[in-house]
Amino acid sequence: MRIHRKAIAAVWALAAVATAQVAPVTLTAPASPQQAPNSDGFIQRWLLLEPIETNGLTESAVQAAVKREYFPDQLTVVPRDGDKVMAGASQLTWHAVDTSNYNVNLYHFAHALGKPTSNVLFWAVTIVNLPREMSGVRLAIGSNAASVWWVNGQEVIGIYGDRQTVIDDGVSKRLTLKAGTNIVRAAIVNGGGATDFCARFLDSDDKPLKEFTVSLTAGGAAAARVAPRPAIEQQLTFAPYHSSDIYDVGETVGWVVTPGPAKPAYHFKWAIRRNNAVVLKEGKLDLSSGRDKIEIAGDQPEMLYVAVEPDDPKSESGYTGGNTGRNNGLYAVGAAVAPARLALSMPRPADFDAFWEGKLAAQARVPIQPVLTPVPTEVPGVELNLFVLDALGSKAHGYLAKPAREGKFPALIQLQYAGVYALNARGAAQRAAEGWLFLNVDSHDKLPSDPSGNVPRNYQAVGNTDREKSYFLNMYLRDSRVLDYLLTRPDWDGKTIVLTGGSMGGQQSLVLAGLRPEKITAVLVCVPAGADTNGDLHGRKAGYPNWPSDNPDVMKTALYFDTVNFAPHIQAPVMAGMGFIDTISPPAGVWTALNQIPGPKELLPMIESEHDNLTPQKGRACPARTKELLDVLVKGGEFHPNGIKQ
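Residue numbering for the sequence shown is -22 to -1, 1 to 624, as defined by mature numbering (1 follows the signal peptide of the UniProt record, and there is no 0).
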């Protein structure tokens, strides 16, 4: 097994305006007939079949799964985008995708389609076009979890067991690829949690092969159906009584519901839930007159969540449509009632400050010992390095990028969203080209170029019953250590330090701003996670890290890592975007955390947005506002929050 843990993945951001690093939309429909591999040789264009339910990660179980015939010609078919197959009683669709990363995120693929992500089998096919015959070539792959691979009908690789994606984890024997069309096929079996794969060819010198193109039909022509897939059909539209979707206590909260652009295919029922936890009112939609309404009196500070679901028997192919990014028939709307009065569901632990002061003091006694390793970059006028820093109990890692000239520069620290993945080296360099002294911080004790680092896939559950063993203890301390290092650098301008991140990156940004308030000048976050972690016990649906509320030790420990308890110490101005129907970073928790911040803040409600990886088009206001503010701050300007931005 060949493991290139220091390989630098070329991870490209999809949108230049996406400045807060949120969970990215990494899969898009192909827009050209052919595509070259990326700079490290990874194949980024695939046809993926919707997942098939299965079990087992052992070699025997996986071999049995892939040798079972789920659909006709499964080991020979070269599908086209939109082709459908029957796997048992289920009709499944092939989807053509390009990935912006070195790897293909199957979890995001399935989740976005409302399909299962655990105990499933994925099939993937791609077509590699070579200008000439090439011998001595090897296929090199990584997968989370088990996978079997074929090239031109020959089984060449099998890796088994519960594993994470490691570049070149499985390598075939030497192969001869034909001039013209070569078919690569894979079956990936996932037991649970995240799932993805990566693949490239290595030449006879074991260097990445790049002399080929990838297409979706033999001969390199684009299939007629390879086009951007249509948006999820909208059978319903909702107009809030208040365009802001924000109400005072005592006002009637409501929506006028009308048929959408697509004709409603089902009858619908609805349920209004306080803070997405306590059912307050239920009913059924009646659109016989062309419209209906859903309404309730707002009787206390709260976030209201309305789930609107099909009320017809489910067909074999399931429901379609919806506005939550899942294409499973679910629609949701949300509203805020006196949200500035949302208060803590649990008081701060009495020894909260003493606990963290002790940890920071202990870390201060650990020498930073920075190690910088230069990294080549195609971005002109920039110096890019990997950094490694000693922290209390672990090491902090990331990318450091700066303009390649003498001078002092404003600093931007990027904290990361949830998951384990390689960081965006090119994106870091691009930040430096804008004029920033930029630190992109890995959430884990691993090289930022390493896509896995042997990090447990359920890391958020590690040590969750003991504050001394919580995974988030060292994560937060590593973030603080990066700030320690920044303060020692002579090329920092001594004035500006901006923190930014999305989801778990927003969580870390708020925590760091509360731990180290004396130096931070601005905090710009989108859909920050980690707030109101005890909410499930108090009538508020909690979100990520989704710590189990039925364990008292977990709930007690969670309070030491909850953003609401760091927020009172934040002195810097804060901009925060929240989705009103977000189920991963629920708005009740986000608003509660922001209410604890004594200083100026700007709240950006996105009233139609689920978490940004599910409905990215509805959450664009936050990265756009972040970009706007960064453009001001990098030039020495100041951020003056404007309260609630509507």
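Even for Gly, the Cβ is constructed at its ideal location relative to N, Cα and C. All values derive from a computational prediction rather than experimental measurement.
Assignment of Met453 by DSSP, reduced to helix, strand and coil, places it in the helix class.
Going by beta carbons, Lys262 and Lys247 fall inside the 8 Å limit.
Boundaries around Gln341 are those of the alpha helix (DSSP H), 330 to 342, since no beta strand (DSSP E) includes it. In the three-state reduction of the DSSP assignment, Met324 falls in the coil class, being assigned neither a helical nor a strand state.
Excluding its 5 nearest sequence neighbours in each direction, Ala285 has C-beta neighbours in its own chain below 6 Å: Ala249, Ala310, listed in chain order. In this structure, the CA atom of Val610 is about 32 Å from the CA atom of Leu338. Two segments are said to touch when three or more pairs of C-beta atoms, one from each, lie closer than 8 Å; by this definition the stretch 364 to 380 touches the stretch 407 to 427. The three-state reading of DSSP puts Val460 in helix, counting H, G and I together. If the five residues before and after Gly472 are omitted, its C-beta is found closer than 8 Å to the C-beta atoms of Lys386, all from its own chain and listed in chain order. Each of Ala389, Ala7, Trp127 was checked against the Cα of Thr54, and the nearest Cα belongs to Trp127. In the three-state DSSP reduction, Asn524 falls in the coil class, being neither helix nor strand. Ranked by how close their Cα comes to the Cα of Asn254, the residues Phe617, Ala599, Glu588, Gly621 have Glu588 in first place. Taking all protein chains in view, the Cβ of Leu493 is crowded by 16 or more other Cβ atoms within 10 Å, so the residue is classified as buried. In the DSSP assignment, Pro381 is bridged to Val360.
Going by DSSP, Trp72 is part of no alpha helix (DSSP H) but of the beta strand (DSSP E) stretching over 68 to 77. Between the stretch 167 to 179 and the stretch 133 to 143 there are three or more C-beta pairs closer than 8 Å, enough to call the two in contact.
DSSP, read as helix, strand or coil, puts Trp24 in strand. In chain order, Val489 place their CB closer than 6 Å to the CB of Tyr454, counting only its own chain and leaving out the 5 sequence neighbours on each side.
Residue state for Trp470 is assigned as strand, using DSSP reduced to three classes. Considering only Tyr225, Asn363, His375, Asp444, the residue with the shortest C-alpha distance to Arg404 is Asn363. In the three-state reduction of the DSSP assignment, Tyr48 falls in the coil class.
Taking the Cβ atoms as the reference, Ala545 lies roughly 13 Å from Ile498, outside the contact range of under 8 Å.
By the criterion of at least three beta-carbon pairs nearer than 8 Å, the stretch 457 to 474 is not in contact with the stretch 437 to 449.
The beta carbon of Glu211 is closer than 6 Å to those of Ala240, Gly299 in its chain, skipping five residues each way along the sequence. Taking the Cα positions, Val256 is about 14 Å away from Thr561. Residue pairing from DSSP leaves Ser222 without any beta-bridge partner. Of Val227, Lys613, Tyr297, the smallest CA-CA separation from Ala275 is found for Val227. When the five nearest sequence neighbours on each side are left out, the beta carbons in the same chain lying within less than 6 Å of the beta carbon of Tyr244 are those of Pro288, Asp290, in order along the chain. Apart from the 5 residues on each side of it in sequence, Ser113 sits with its Cβ closer than 6 Å to the Cβ of Thr154 in its chain, given in chain order.
Between Pro388 and Thr474 the beta-carbon gap is near 4 Å, inside 8 Å, which marks them as a contact. A straight line joining the alpha-carbon of Val162 with that of Lys596 spans about 36 Å.
Non-local C-beta neighbours of Val134 in its own chain, meaning closer than 8 Å and more than five positions away in sequence, comprise Leu117, Trp127, Trp128, Ser150, Lys151, Leu153, ordered along the chain. For Arg459, the CB contacts under 6 Å within the same chain, skipping 5 residues up- and downstream, are Leu367, Ala369, Ala374 in chain order.
Between Phe450 and Phe539, the alpha-carbon positions lie close to 7 Å from each other. Taken through DSSP and simplified to helix, strand or coil, Thr593 comes out as coil. Annotated as proximal: Leu282 and Val315, with beta-carbon spacing under 8 Å.
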